[in-house]
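Undergrad: Protein chains in written order, with our numbering: chain E, 77 to 188; chain S, 77 to 188; chain W, 77 to 188; chain B, 2 to 460; chain U, 2 to 460; chain C, 2 to 460. C-beta: ideal position from N, C-alpha, C; glycine also.
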Ligand SMILES: Nc1ncnc2c1ncn2[C@@H]1O[C@H](COP(=O)(O)OP(=O)(O)O)[C@@H](O)[C@H]1O
Ligand SMILES: Nc1ncnc2c1ncn2[C@@H]1O[C@H](COP(=O)(O)OP(=O)(O)O)[C@@H](O)[C@H]1O
Ligand SMILES: Nc1ncnc2c1ncn2[C@@H]1O[C@H](COP(=O)(O)OP(=O)(O)O)[C@@H](O)[C@H]1O
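#1: Anything in chain E within Cβ reach of residue 129 of chain W, meaning under 8 Å, just list it in chain order.
#2: Would residue 132 of chain W pass as an interface residue toward chain U - the criterion being a Cβ-Cβ separation below 8 Å?
#3: Give a yes or no on whether 8 Å exceeds the smallest Cβ distance from residue 161 of chain C to chain B.
#4: Name the residue from C:31, C:73 and C:47 whose alpha carbon lies nearest to the alpha carbon of residue 60 of chain C.
#5: Going by beta-carbon coordinates alone, are residue 174 of chain U and residue 36 of chain U separated by less than 8 Å?
#6: Does residue 431 of chain U come out as helix, strand or coil in the three-state DSSP assignment?
#7: Would you mind stating whether residue 287 of chain B and residue 262 of chain B have Cβ atoms separated by less than 8 Å?
#8: Considering only heavy atoms of ligand 2, does any lie closer than 7 Å to the CB of residue 112 of chain S?
#9: Between the alpha carbons of residue 85 of chain E and residue 128 of chain W, how many angstroms are there, rounded?
#10: Within 10 angstroms of the Cβ of residue 320 of chain B, are there 16 or more other Cβ atoms? Answer buried if so, exposed if not.
#11: Helix, strand or coil for residue 159 of chain U? Go by DSSP, reduced to three states.
#12: What does residue 360 of chain B reach in chain U if we use C-beta pairs closer than 9 Å?
#13: If you scan the segment 103-166 of chain S from start to end, which runs of the alpha helix (DSSP H) of 4 or more residues do you find wholly inside it?
#14: Going by DSSP in three states, residue 1 of chain B sits in which element: helix, strand or coil?
#15: Is any heavy atom in ligand 3 found nearer than 7 Å to the beta carbon of residue 118 of chain W?
#16: Against residue 177 of chain S, what residues of chain W qualify as contacts under a CB-to-CB distance less than 7 Å, listed in chain order?
#17: Report buried or exposed for residue 98 of chain U, applying the criterion of at least 16 other Cβ atoms within 10 angstroms of its Cβ.
#18: Verify whether the separation of the beta carbon atoms of residue 157 of chain C and residue 188 of chain C is less than 8 Å.
#19: Is the beta carbon of residue 177 of chain S within less than 7 Å of some heavy atom of ligand 3?
#20: Pull out every residue of the segment 301-331 of chain C whose Cβ sits closer than 7 Å to any Cβ of chain E, in chain order.
#21: So is the beta-carbon of residue 164 of chain E under 7 Å away from any non-hydrogen atom of ligand 1?
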């Protein structure tokens with residue numbers, strides 16, 4: 077199994093959820109986050125003072141998936157998250173050794 | 077080493093903490109999250125309108141542990157988190173290459 | 077590639093950002109978290125009652141990096157995060173199988 | 002407002018008692034606008050809280066100045082053709098002396114003028130609730146200027162000004178059922194029919210982001226409304242103001258209970274939002290009628306308004322108009338009910354001897370008068386407001402871009418976000434993460450003229 | 002309330018000054034109930050904020066209606082047997098004319114009745130603080146109905162009604178130390194002894210979820226309390242109201258400082274919650290006594306109450322009763338202190354010539370009277386309230402299920418959550434994540450009758 | 002304050018109308034201090050919210066007691082050398098009878114004394130805005146005690162006390178432009194020049210953590226300010242109070258619009274913070290001048306103040322003094338403007354016949370008087386406050402440690418955090434995660450004396 081993590085723009089969540097759903101994915105976990113990427117930092121004026129702002133709000137989505145589906149899923153997420161502008165985010169995957177469904181104790185792919 | 081991640085119902089946190097403690101685990105990290113699983117979505121009425129609600133609040137617990145303890149720990153968490161109802165959550169583990177205790181710089185199992 | 081995760085004291089974020097920047101790191105993702113470690117728990121009195129408090133606020137930083145840089149980066153983070161007092165936190169790394177830049181679809185090291 | 006029945010004295014003297022009371026009443030009515038801002042501000046999603054607040058606060062700025070410049074003259078100056086007032090002494094308030102009394106009353110003109118000013122302020126603010134999340138602040142500002150000038154000032158003259166057609170007809174509107182609530186509610190309906198729905202209407206739950214803020218708003222409204230209602234008699238020499246005060250409290254309580262009961266039966270729970278909305282529905286309904294009915298009548302008015310408005314707020318989903326925070330469902334419906342119920346429940350023992358269908362000689366006379374008042378104001382306000390919104394939309398544009406709406410109007414229009422709790426849990430995360438919370442969404446930067454302050458952008 | 006000393010005039014005339022003042026005072030007292038709601042609402046954990054607010058707001062609904070229907074008659078109607086009042090003209094307020102004056106005073110009956118109504122509203126609301134997190138809303142609603150009928154209306158008659166036993170005995174209670182605060186505090190103790198503790202009592206810290214909300218509440222309480230206290234003299238012809246006003250301010254300040262000092266010495270820090278609680282303790286203690294003591298006496302009353310209540314709130318942990326938000330520790334203890342200290346500090350130069358132990362002929366007469374008043378109200382309220390709670394618990398049940406309590410009573414009973422800040426930090430996360438915040442916890446669905454609105458459930 | 006023109010009657014009688022009005026006005030002014038607390042509290046970062054609130058609330062405690070003990074005597078007792086007052090009957094208010102009238106007025110001494118008390122309370126609280134995030138609570142407490150004694154009580158005597166030098170010179174200060182706002186603003190400047198900047202000043206954005214809280218504060222300030230301003234005439238017999246009331250509303254509206262316009266042009270957006278600050282700037286500027294100018298004059302005063310203060314708040318970045326929440330930029334600058342503009346806009350038709358440069362015989366007489374008043378108060382307050390802060394800093398120390406400041410002064414000084422929303426999204430996370438939110442940062446424990454309550458620590 078793989079754990080796919082996507083750090084993307086908050087307002088793409090709906091699209092990503094739909095993409096995953098039409099792909100038949102059963103679950104996901106979302107966390108609020110913030111981050112910065114390549115061209116870090118923009119300047120902003122508030123009450124007469126100028127500041128550099130770097131951290132921008134993002135959401136962080138985690139999806140557990142079977143090895144075979146991982147590639148396609150990543151593609152689906154990337155497509156749904158893309159706006160083509162800077163700050164679109166990253167998607168990565170790591171190997172998972174075991175996964176358990178708490179309710180039943182099922183293991184592995186069955187647990188997803 | 078392994079990193080065990082558990083996404084569970086918020087109000088099971090106390091039980092999980094106790095379970096880990098009696099197991100001799102030294103630390104954990106908690107984040108607020110939300111998610112959905114298999115039978116996604118329930119309907120709810122508010123002020124005369126009906127909506128589908130899918131994301132439900134969860135907590136996300138991370139525990140670093142030695143390879144040998146991982147299995148038992150997972151079992152302990154699953155047991156403590158279980159209510160037997162839908163939405164009980166998932167527990168998974170990924171391999172960790174190195175871990176450092178910031179205060180001392182210790183590495184590996186000593187860092188836990 | 078590796079994913080380095082650091083759970084550290086919130087007010088070290090600035091130092092860590094600077095350390096990473098001078099190291100040439102292009103991006104990071106931050107989440108609010110809380111946790112406890114080795115000597116868990118302190119007691120506190122509020123309105124005439126005494127309580128044990130265990131979870132302490134932390135921030136959780138994630139950085140994707142190339143395999144070769146990982147070691148040095150970990151060192152840099154550990155150094156920037158260290159105050160020498162308890163609660164300084166943990167840094168760990170896990171192997172990443174693939175990473176994508178959402179905007180362009182670039183893969184692997186190019187995606188960072 | 003009690004122009005129909007004037008105090009007996011031929012030449013009333015300045016009463017320090019009534020003057021002091023009316024100053025406090027004016028302050029209470031002023032407080033209602035921030036109260037309304039919180040009521041509305043708590044009800045929207047967190048991303049448009051500030052815009053909601055600002056739509057009310059800006060009314061405190063704009064309308065105050067316009068009222069001094071020409072509004073008071075248009076509403077309460079000498080009547081011209083039953084449609085509009087004008088008295089040049091009232092322009093800029095230059096011809097008003099500090100001890101000049103309002104004709105027939107014991108309070109200075111300044112006191113009457115400032116009390117009425119507060120009514121003119123809150124009325125456009127009421128409209129804003131229907132426009133949540135989506136209207137450009139510049140367009141709103143201009144709308145307020147035009148709307149009070151073309152709609153509110155004349156309508157206030159019709160209803161309360163000596164010579165105004167509704168006033169002369171004998172339409173009862175103690176404190177603003179028609180001039181304030183129907184007027185604002187109908188205007189809201191007119192505008193939203195033109196500007197359309199929020200992104201996600203009917204699909205997203207769009208729940209209140211802070212119910213304590215809503216309750217704060219409704220608490221301040223309830224409190225301030227005593228000034229609004231009891232103050233409208235302009236003095237406490239004859240027991241009518243106290244009756245109005247008493248009925249205000251009673252109808253509000255009854256409407257809150259009625260709304261909660263309706264909810265409990267229909268949806269199984271008594272919600273906080275229901276309590277707040279019910280109270281406001283009661284306050285609205287008793288506003289025109291509270292000087293005319295008995296305490297038991299006030300229970301009836303409140304209970305009817307509570308149930309009717311609770312049912313009415315669901316209509317927007319059926320008919321598909323996005324009355325975002327239920328201005329139509331509560332203020333228009335509640336105002337109509339309150340005005341018409343006078344025709345049934347007026348006891349003849351309050352502000353005047355006019356009686357409703359259930360009292361006196363059971364005649365329908367007063368009811369028809371009330372219908373005329375309601376109908377006239379409703380149609381005028383709805384049509385003119387819709388036209389205004391249409392013209393503004395075609396010229397400067399009423400709505401923000403969809404991107405801005407989705408990302409949050411607060412950032413787009415006010416360059417701020419309502420809250421920044423980062424670091425609440427610890428340390429200096431605040432100083433680092435707080436910034437973006439208030440920052441311009443970089444992804445919107447392209448299509449935005451106010452991007453001026455963002456020099457260099459990234460994510 | 003100043004029935005002991007009436008104004009001299011044989012046939013007082015309606016005073017527009019006093020009428021206007023009393024209307025504003027009534028509005029101020031009304032505002033105290035939302036103030037209390039915020040004070041309590043900020044103190045609970047976030048998951049039961051709304052329930053806390055609603056317990057106060059519902060009292061504004063229920064008690065208003067009952068007071069009109071029969072409460073005013075029971076409290077201030079003609080005395081029967083020194084125990085209860087009844088005047089059929091007061092039932093539904095049908096026999097009250099708008100210019101009828103309250104006997105011996107210069108204000109209309111309606112004004113007196115509505116001012117007293119506000120006292121009847123806030124008293125049950127005070128009790129709710131002890132019941133945080135765990136009482137079914139339906140049970141609370143029913144409790145309020147029964148409690149005001151069986152406890153508050155009679156007790157108000159005893160203390161303030163002509164012919165009531167405590168009133169006739171000469172017990173001094175200027176604005177409600179016994180009738181309001183001891184009464185509510187003793188009732189709270191009675192109820193919690195029956196219904197038991199919150200899950201996690203003594204183990205979880207259960208800290209206030211929003212201290213700014215607490216401070217807002219205490220600020221509004223402080224503000225409104227001036228109406229409560231100074232208004233209780235029903236007019237400003239003789240300087241007693243101003244003395245009460247002055248003493249209210251002074252005792253509150255002294256109590257706040259005293260509480261903070263106690264905390265600083267005992268626990269090493271001046272907390273915000275301590276400032277808020279100290280202020281309320283001072284307000285409570287000066288409520289019965291402020292018309293009787295001098296300004297220096299008010300400092301003493303406040304300082305004593307501040308220290309004593311600060312010490313008293315710790316008792317619940319020692320004795321194990323879960324007085325969640327310290328209703329017993331602040332209102333009962335503060336009310337008793339304020340009432341008894343009259344027996345020491347009454348100067349004979351305020352509302353009456355009665356003097357306390359430290360003044361005049363140093364007699365204990367007034368002190369014994371105060372003890373009688375305190376004891377009578379305390380025992381009656383505690384016992385009857387406990388019995389009421391017991392009966393309700395055995396019939397409809399007082400508490401929510403443990404699951405509901407742990408997951409949060411707001412969702413279970415009101416189908417809402419207080420806040421939804423998701424997306425505060427960016428974009429439309431709000432619309433997606435907000436929903437569940439307000440959603441029913443699916444895991445509770447099985448054991449819940451109000452599950453009606455959840456059609457299909459999952460996680 | 003209207004001592005220059007007394008009412009004609011030789012022996013005024015107690016007026017229940019004016020007494021009642023002044024009691025309500027006093028309550029309104031009292032409410033301004035919590036209002037200010039929220040205004041400031043919302044503007045700081047979340048980690049120092051409570052400290053900000055407490056700096057205002059503690060002033061309500063300390064100053065009340067000092068005012069009773071000796072403050073009222075120092076400010077309004079018999080003049081000694083044009084510099085200070087003293088009347089032993091006023092010490093502890095022991096020699097004041099409940100029906101004694103304030104000489105020349107129709108209200109009891111107690112009423113005048115308590116109204117003035119509220120002014121003495123808010124003035125030091127105003128200073129606290131400049132000291133955000135960094136001042137030890139114990140040092141602040143001591144500072145307030147010393148500052149009101151050495152600065153406020155004398156200055157109030159100069160400006161408003163019969164015999165005070167500014168009063169006798171004919172300086173106009175209707176409600177506190179010099180005695181309250183310039184005084185507080187100059188003191189703030191003096192103190193911050195001594196204690197220095199916050200960690201991160203100019204580098205971190207330090208945006209408001211809750212703009213709704215800021216708006217609540219400004220709403221309550223606006224509301225309460227009517228009591229502050231209109232009440233300062235001590236009665237409503239002659240139409241001056243109403244003029245002040247009217248002008249208060251108008252100038253505030255004008256200033257809010259002017260500030261927003263300035264912002265829109267300079268930075269491209271109308272911010273909520275700008276609306277709040279603009280309103281306060283208008284309130285400040287009209288405070289000294291509102292009895293002297295016409296309504297159109299009030300528009301001018303407000304608009305000038307709005308633009309000038311909006312520009313002035315940027316100066317702190319240029320000159321590098323950390324006037325954290327713009328006390329200098331708004332209160333000092335606004336107070337100076339309001340006071341000097343009297344010299345231009347006084348119409349001779351308000352509180353007195355004195356005219357400004359634009360009216361009457363176009364003389365500069367009044368302007369020079371105003372300059373003298375402004376200059377005297379400004380220099381005295383700035384210098385003495387700086388010396389006070391210096392002495393306190395050298396003895397007990399004014400600032401918390403840098404670690405405490407960075408981690409948040411709320412925890413360090415009050416052992417609390419403002420909010421605990423953990424678990425807002427679900428279940429009992431609250432009880433588990435809430436604790437640390439309020440907990441002592443373990444890492445600070447070493448260098449902290451108040452570590453008493455932390456028995457055993459870890460992370
Ligand atoms: N090396 C990294 N490690 C972890 N997260 C990253 C990394 N680089 C970027 N991110 C996350 O991705 C988001 C977008 O990154 P960015 O590089 O700006 O996008 P783009 O790929 O369009 O340049 C950032 O806000 C951050 O949260
Ligand atoms: N594939 C997945 N990837 C990541 N998180 C998941 C996945 N499936 C479920 N979860 C998380 O687990 C929680 C409970 O899942 P669910 O499948 O409903 O439980 P159950 O196993 O009882 O059916 C979800 O709210 C979500 O946060
Ligand atoms: N085994 C673990 N798994 C996950 N997170 C941990 C673990 N141990 C510690 N942490 C995280 O690191 C933080 C600091 O840990 P702690 O052990 O107290 O520091 P120290 O290494 O100085 O003793 C904790 O608050 C927790 O968030």
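TA: Quick look at the numbers:
#1: Counting from 1 along the third chain, the entry for residue 129 of chain W is found at position 53. What residue 129 of chain W touches in chain E: nothing, since even the nearest Cβ is about 24 Å away.
#2: Residue 132 of chain W sits at position 56 when you count from the first residue of the third chain. No, its Cβ sits nowhere closer than 8 Å to a Cβ of chain U.
#3: What you label residue 161 of chain C is simply residue 160 of the sixth chain in a count that begins at 1. For residue 161 of chain C, the answer is no, since every Cβ of chain B falls outside 8 Å of its Cβ.
#4: Working through the sixth chain from its first residue, we reach residue 60 of chain C at position 59. Among C:31, C:73 and C:47, the Cα nearest to that of residue 60 of chain C is on C:31.
#5: The residue given as residue 174 of chain U occupies position 173 in the fifth chain. The residue given as residue 36 of chain U occupies position 35 in the fifth chain. Their beta carbons are not under 8 Å apart, which means residue 174 of chain U does not touch residue 36 of chain U by this criterion.
#6: Walking along the fifth chain from the start, residue 431 of chain U turns up at place 430. Note that residue 431 of chain U scores 29 on pLDDT, short of 50, meaning its location in the model is unreliable; the coordinates nonetheless yield the value given after this. DSSP places residue 431 of chain U in helix when its eight states are reduced to three.
#7: Numbered from its first residue, the fourth chain carries residue 287 of chain B at position 286. Numbered from its first residue, the fourth chain carries residue 262 of chain B at position 261. Contact: no.
#8: On the second chain, position 36 is the one that residue 112 of chain S refers to. Result yes, Cβ under 7 Å from ligand 2.
#9: Working through the first chain from its first residue, we reach residue 85 of chain E at position 9. Working through the third chain from its first residue, we reach residue 128 of chain W at position 52. Taking the straight line joining both Cα atoms gives about 38 Å.
#10: Mapped onto the fourth chain, residue 320 of chain B falls at position 319. Taking a 10 Å sphere around the C-beta of residue 320 of chain B, we find fewer than 16 other C-beta atoms and assign the residue as exposed.
#11: Here residue 159 of chain U refers to the residue found at position 158 of the fifth chain. Residue state, collapsed to three classes: helix.
#12: Looking up residue 360 of chain B in the fourth chain gives position 359. Identification of chain U residues near residue 360 of chain B by a Cβ-Cβ cut-off of 9 Å yields none; the smallest Cβ-Cβ distance measures about 13 Å.
#13: 143-157
#14: Past the edges of chain B, shown from 2 to 460, lies residue 1 of chain B, and the structure says nothing about it.
#15: To locate residue 118 of chain W, count along the third chain from 1; it is residue 42. For ligand 3, not one heavy atom lies less than 7 Å from the Cβ of residue 118 of chain W.
#16: Taking the second chain and counting its residues from 1, the one referred to as residue 177 of chain S is at position 101. Simply 166.
#17: For the purposes of this step, residue 98 of chain U is identified with residue 97 of the fifth chain, where counting begins at 1. Counting Cβ neighbours within 10 Å, residue 98 of chain U comes out exposed, since fewer than 16 surround it.
#18: The residue labelled residue 157 of chain C in the question sits at position 156 within the sixth chain. The residue labelled residue 188 of chain C in the question sits at position 187 within the sixth chain. Going by C-beta atoms, residue 157 of chain C is not nearer than 8 Å to residue 188 of chain C.
#19: Looking up residue 177 of chain S in the second chain gives position 101. Yes; taking the cut-off as 7 Å, the Cβ of residue 177 of chain S has a heavy atom of ligand 3 nearer than that.
#20: 314, 315 and 318
#21: Working through the first chain from its first residue, we reach residue 164 of chain E at position 88. Yes.
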